[in-house]
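K.L.:
Numbering (the working numbering), first residue to last: 124 to 257.
1) Using CA atoms only, rank isn't needed, just tell me which of 197, 196, 215 is closest to residue 205.
2) Please look up how many angstroms separate the CB atoms of residue 134 and residue 187, rounded, as I've assumed it's under 8 Å.
3) Counting beta carbon pairs with one atom in the region 156 to 175 and one in the region 235 to 246, are three or more of them shorter than 8 Å?
4) Given that a residue counts as buried once 16 or more other Cβ atoms are within 10 Å of its Cβ, and exposed if not, what is residue 144?
5) Do the region 190 to 206 and the region 148 to 155 touch if we need at least three Cβ pairs shorter than 8 Å?
6) Taking 7 Å as the limit between beta carbons, can you name the residues of its chain near residue 230, skipping five residues before and five after?
7) Using a Cβ-Cβ cut-off of 8 Å, state whether residue 177 counts as contacting chain C.
8) Helix, strand or coil: which one does DSSP assign to residue 147?
9) May I ask you to report which of helix, strand or coil DSSP gives residue 153?
10) Note down the Cα distance separating residue 91 from residue 211, rounded to an integer number of angstroms.
11) Kindly list the residues whose CB is nearer than 7 Å to the CB of residue 220, restricted to its own chain and excluding five residues on each side of it in sequence; keep chain order.
12) Can you tell me which of the three DSSP states residue 141 falls into?
13) For residue 255, which three-state DSSP category applies?
14) Helix, strand or coil: which one does DSSP assign to residue 134?
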C-alpha cells in the first residue's frame with residue numbers, strides 16, 4: 124500500500140468494500156479509463172491518476188479513496204440525516220442508511236430506491252432493512 128489510510132467494511136467476516144487510492148487506480152485500469160502500464164515503477168502505476176480523479180466524478184465510479192471516505196464522513200456528520208440519505212454521493216448515503224436515527228418510514232422509502240443504488244451499497248441497505256425486519 125501507499126502508506127495512506129485504508130478503510131474497509133466487513134459484514135459477517137467478509138470484506139464488502141475497501142477504500143484506498145489503490146482500489147480507485149485499479150478501477151481506472153480495469154474499466155479502461157487508463158491503460159495498464161507494463162513498465163515497472165511507482166511513477167508508471169500512478170500516471171494519470173490525478174487527472175482521472177478530476178474528470179471521473181464520484182457518482183460515476185464504484186471505487187473510492189480513503190480521502191473521499193473521510194470527506195463523506197465529515198459531511199455526513201455535519202448535515203441532516205435526510206440530506207445524507209438523499210445525497211448524490213453514495214458514501215454519504217451509506218453513512219445515512221446505517222444511522223440508527225433513520226426511522227422505518229425513511230427506510231421504507233429507501234427500500235423503494237434500492238434498484239437505483241450502486242451494487243456495492245445494496246448489501247448495506249439490506250443489512251439495515253433486515254435489522255428492522257423490513
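Glycine included, C-beta positions come from ideal geometry on N, C-alpha and C.
P.N.:
Working from what's here:
1) 215
2) Actually they are not in contact, since the Cβ atoms of residue 134 and residue 187 sit about 17 Å apart, beyond 8 Å.
3) no
4) buried
5) no
6) 251, 252, 255, 257
7) Given the protein chain composition of this structure (a single chain), no chain C is represented.
8) helix
9) helix
10) Coverage of the chain is limited to positions 124 through 257, which leaves residue 91 absent and any answer about it impossible.
11) 208, 233, 247, 248, 251
12) strand
13) coil
14) strand
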